[in-house]
Amino acid sequence: MYFIKTPFWLRLIYRSCTWRKPTQERVLYLSFDDGPHPEATPFVLAQLAIFNAKASFFCIGKNVQLHPPVYDSIIAAGHVVGNHTQNHMNGWKNKTANYIKEIQEATKSIRSNLFRPPYGRISFAQIKALRSAPSLPQDIIMWDVLSGDFDTTINGEQCAQNVIQQAGPGSIIVFHDSAKAMDRLRIALPKVLLHFSNLGYEFKAL
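Add 8 to the 1-based position in the sequence shown for our numbering, that's all there is to it.
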């Protein structure tokens, strides 16, 4: 089970995290998790370039180490990168000390003040520990809208509609530049970019 649109009560519980940007301007913040990936990430970069869109890529440290040229291409294209732990660690299933070590390990490959917890799962103790370490990323980025492209029970058109129906000014939207999401991403991302571009939206990095 997952929420397409993040409910108010969840944003309230984790109020120290960033869920959306407070604006009435037609601006969206696309983000891509779990890369870099040798096929999915170049596809995303090509689509973003067509619409002169900027985005934020929350990268897994081990994937950066496996695919450094792909990671470099994200930065070269003017996009923003963020820390997504070294091995996509679930904060709810791991001790705080181990979780912080995972983030620290990823900082060796990813220089950024942005952090997104894998699965959005992070404990209050882990938030406190992270914020107590100035050398680690301090801005914890969650999301307003999930595309659902990781969900193999739905198709790309449904993913596109999830975003089209739920996103609005200031929304932080999650896609995935990963092998698992690729079949749905190929369909959903171009549709979302075209739809909101036609409505006069800009796509900015965080």
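We treat Cβ as the ideally placed atom computed from N, Cα and C, and that holds for glycine. Predicted, not measured: the structure shown is a model, and the values here were computed from it.
Distance, Cα to Cα, residue i vs residue j?
i: P30; j: Q94; result: 30 Å
i: N98; j: L56; result: 29 Å
i: L18; j: G128; result: 11 Å
i: C25; j: T14; result: 13 Å
i: G178; j: Y209; result: 10 Å
i: S205; j: F59; result: 8 Å
Please check the pair residue i and residue j, which I expect to be a contact at CB under 8 Å, by giving their CB distance rounded to whole angstroms.
i: S64; j: Y107; result: Between Y107 and S64 the Cβ distance is about 21 Å, and since that is not below 8 Å, they are no contact.
i: I12; j: V200; result: Not a contact, Cβ separation roughly 13 Å.
Tell me whether residue i is buried or exposed, calling it buried when 16 or more other Cβ atoms sit within 10 Å of its Cβ.
i: E110; result: buried
i: P77; result: exposed
i: P125; result: buried
i: T49; result: buried
i: Q169; result: buried
i: P28; result: Position check: residue 28 holds Arg in this sequence, whereas Pro was assumed. With 16 or more Cβ atoms within 10 Å of its Cβ, R28 is classed as buried.
Tell me which same chain residues have a C-beta within less than 6 Å of the C-beta of residue i, skipping the five on either side of it?
i: H75; result: P44, P46
i: T104; result: A133, Q134, A137
i: W100; result: R129
Note down, in chain order, each residue of its chain lying with its Cβ closer than 7 Å to the Cβ of residue i, except the 5 sequence neighbours on either side.
i: S117; result: G69, V72, Q73
i: L197; result: V52, Q55, F183
i: R139; result: Q146
Closest Cβ-Cβ distance between residue i and chain C: below 7 Å?
i: S205; result: In the displayed structure, chain C is absent; only one protein chain is listed.
Can residue i be considered in contact with the ligand MG, in the sense that its beta carbon sits closer than 6 Å to one or more heavy atoms?
i: K116; result: In terms of ligand content, the structure shown is empty, and the ligand MG therefore cannot be addressed.
CB-CB under 8 Å to residue i, same chain, minus the five flanking residues each way: which ones, in chain order?
i: A85; result: L53, L56, A57
i: I149; result: C25, T26, S39, S64, F66, G90, L122, F123, R124, I180, L214
What beta strand (DSSP E) runs, 3 residues minimum, are completely inside the region 157-201? Scanning the region 157-201 for uninterrupted beta strand (DSSP E) segments of 3 residues or longer gives 180-184, listed from N- to C-terminal end.
What residue ranges within the region 46-77 form continuous beta strand (DSSP E) runs of no fewer than 3 residues, ordered along the chain? If one requires a minimum length of 3 residues, the beta strand (DSSP E) runs lying completely within the region 46-77 are 64-67, in chain order.
Runs of alpha helix (DSSP H) wholly within the region 108-164 (minimum 4 residues, chain order): Listed in chain order, the complete alpha helix (DSSP H) runs (minimum 4 residues) inside the region 108-164 are 132-139.
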